[in-house]
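Encoded as structure tokens, the structure appears first; notes follow it.
Set out below in structure tokens:
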């Protein structure tokens, strides 16, 4: 088993009964990464990600104070091997933790990884009178168009309600499926066009669905402008009832300009660029280490490390951006078992109050190399004397139930 663990990590440390004091852990790097503590038989005790491998090991393996309550196991007394893997950014650290969770714990991985549940919006294009509904499914289906991501189920439901209302899609599909659409209360209150009961209704309804799907793909501001233009035309024609309806619809669509929907679009078109700290390296012919930055492309199918660049090399960044604009050639970083798990991990970062690094929505266009360089230059340098953020983020979305 020791060989298996060694092949998964960058290095290891073996402790004797008396080697769990701080000085015995000095060989561990003080870097971001993932730790695996194992016992004398090399059975896993704890897998954890951290902002400081050495610092966390010292705190976890330190002997408990004599008067401290014994609510947790004394890890220092049972840990005999420490395996570690290093990385440079918080995103990479989470990916590394997920990959190692699957490798170390196999089918029991959910005990160690608490991914947030994500909901999406779907519309079944095969239905004669389709409408948007909340779903947890994320796998590709030729008959179903999926939209997201969203910060929570409430936002997904709001998205569906806005589109169904603004584009006058069916709000009572269950009754429609029952074969008695004439009894629909929306139709009886004349708050619905009733196309489901008209001979030419399916063709007219298909046009409404087409417009709604165009908007749902991320063209929210365009949809608002079109509704407002139609409202003005209706008012000019003295059709004030229609103008008032269009005004209300435009108002609903403006809700999509909220931050909750900043990353929302057609799920298959999801494309994100992530830039964050990379390793410090010594260039050829120099004696000084220079900070490199790493660039990742994230899409619906996976996460792809594109390469490294420095603040002094705009040409290298442009080359990476050109590659990021094309379909990936290499397979994605192997950290998730399914699309659902992958998207849950991406959603975890997108909707944090403070995201690490720099994130760019590239579903419609790429930022310029100059924009990224300006963002890096204006970024605040973390306070190296403050450990509160590191301590709060040691766990990430791992489960620490030991």
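Numbering (the numbering used here), first residue to last: 3 to 404. A virtual CB, placed ideally from N, CA and C, is assigned to each residue, including glycine.
For residue 188, which residues from the same chain have a beta carbon less than 7 Å from its beta carbon, with the 5 sequence-adjacent residues on both sides left out? Counting only Cβ-Cβ distances below 7 Å, and skipping sequence neighbours, we find 173, 174, 194.
When DSSP builds the beta bridges, which residues end up paired with residue 301? In DSSP, residue 301 forms a bridge with 273, 304.
Since residue 341 and residue 303 are thought to touch, with beta carbons under 8 Å apart, how far apart are those beta carbons, to the nearest angstrom? Between residue 303 and residue 341 the Cβ distance is about 7 Å, and since that is below 8 Å, they are a contact.
With burial defined as no fewer than 16 other Cβ atoms inside 10 Å of the residue's Cβ, what is the status of residue 5: buried or exposed? Unreliable positioning characterises residue 5 in this predicted model, as indicated by a pLDDT of 49, which lies under 50. The coordinate reading is nonetheless provided below. Per the 10 Å Cβ criterion, exposed.
For the beta strand (DSSP E) containing residue 166, name the first residue and the last one. Where residue 166 is concerned, there is no enclosing beta strand (DSSP E), although the alpha helix (DSSP H) around it starts and stops at 155 to 168.
Can you tell me the Cα-Cα spacing of residue 85 and residue 280, whole angstroms? One C-alpha to the other measures close to 22 Å.
Can you tell me whether residue 8 is buried or exposed? The criterion is at least 16 other CB atoms within 10 Å of its CB, across all chains shown. Exposed: under 16 other Cβ atoms inside 10 Å.
Taking the runs of the beta strand (DSSP E) that are 3 residues or longer, which of them lie wholly in the region 7 to 47? Complete beta strand (DSSP E) runs here, min 3: 13 to 16, 35 to 40.
DSSP state of residue 130, grouped into three classes? Note: residue 130 maps to coil in three-state DSSP.
Got a sec? Which residues, its chain only, sit under 6 Å from residue 146 by beta carbon, not counting five neighbours each side? Excluding sequence positions up to five before and after residue 146, its CB lies within less than 6 Å of the CB of 124, 126, all in the same chain and listed in chain order.
Residue from 105, 121, 166, 122 with nearest C-alpha to residue 114: Of the listed residues, the one whose Cα sits closest to residue 114 is 105.
Could you spell out the range, first to last residue, of the beta strand (DSSP E) harbouring residue 86? Per DSSP, residue 86 belongs to the beta strand (DSSP E) from 83 to 88.
Touch test, the region 207 to 222 against the region 155 to 173, Cβ-Cβ under 8 Å, three pairs minimum: The answer is yes - the region 155 to 173 touches the region 207 to 222, with three or more Cβ pairs under 8 Å.
Under 8 Å by Cβ, that's how I've got residue 16 and residue 37 pegged, so tell me the actual separation to the nearest angstrom. That pair is no contact at about 14 Å.
Buried or exposed for residue 226, please, with buried defined as at least 16 other CB atoms from any protein chain shown within 10 angstroms of its CB. Residue burial is scored here from C-beta neighbours: residue 226 has at least 16 other C-beta atoms within 10 angstroms and is therefore classed as buried.
Per DSSP, cross-strand counterpart(s) of residue 147: Its beta-bridge partners are 125.
Measure from the alpha carbon of residue 358 to the alpha carbon of each residue in 76, 94, 88, then state which is nearest. Ranking the options by Cα distance to residue 358, first place goes to 94.
Taking the C-alpha atoms as reference points, what is the distance between residue 251 and residue 264? If you take the alpha carbons of residue 251 and residue 264, they lie about 20 Å apart.
Relative to the C-alpha of residue 296, which residue among 289, 276, 286 is closest? The shortest C-alpha separation from residue 296 is found at 276.
Quick check on residue 220: does DSSP put it in helix, strand or coil? It is coil, neither helix nor strand.
The region 150 to 168 touching the region 130 to 141, judged by at least three CB pairs closer than 8 Å: Short answer: they touch.
For residue 135, which residues does DSSP report across the bridge? Under DSSP, residue 135 shares a beta bridge with 124.
Given that a residue counts as buried once 16 or more other Cβ atoms are within 10 Å of its Cβ, and exposed if not, what is residue 243? Residue 243 comes out exposed.
Who are the Cβ neighbours of residue 46 in its own chain at under 8 Å, not counting the five residues just before and after it? The answer, listed in chain order, is 38, 39, 40, 106, 107.
Have a look at 18, 12, 44, 42 and flag the residue whose alpha-carbon is nearest the alpha-carbon of residue 34. Out of 18, 12, 44, 42, 12 has the C-alpha closest to the C-alpha of residue 34.
Taking only beta-carbon positions, decide if residue 352 is within less than 8 Å of chain D. Looking at the structure shown, chain D is missing, and only one protein chain is on hand.
On the three-state DSSP scale, how would you describe residue 76? Coil.
What three-state label does DSSP hand residue 359 in the structure shown? Residue 359 falls in the coil class under three-state DSSP.
Quick check on the DSSP output: the alpha helix (DSSP H) that includes residue 98 runs from which residue to which? Taken as a continuous stretch (DSSP letters only), the alpha helix (DSSP H) holding residue 98 covers 92 to 107.
Cα-Cα, which of 312, 253, 245 is closest to residue 278? Distances from the alpha-carbon of residue 278 to those of 312, 253, 245 put 312 closest.
Closest to residue 334 by C-alpha separation, out of 101, 234, 232, would be which residue? For residue 334, the nearest C-alpha among the options comes from 101.
Quick check on the DSSP output: the alpha helix (DSSP H) that includes residue 372 runs from which residue to which? Counting along the chain, the unbroken alpha helix (DSSP H) around residue 372 starts and ends at 371 to 380.
If you reduce the DSSP assignment to three classes, tell me which class residue 205 lands in. DSSP places residue 205 in helix when its eight states are reduced to three.
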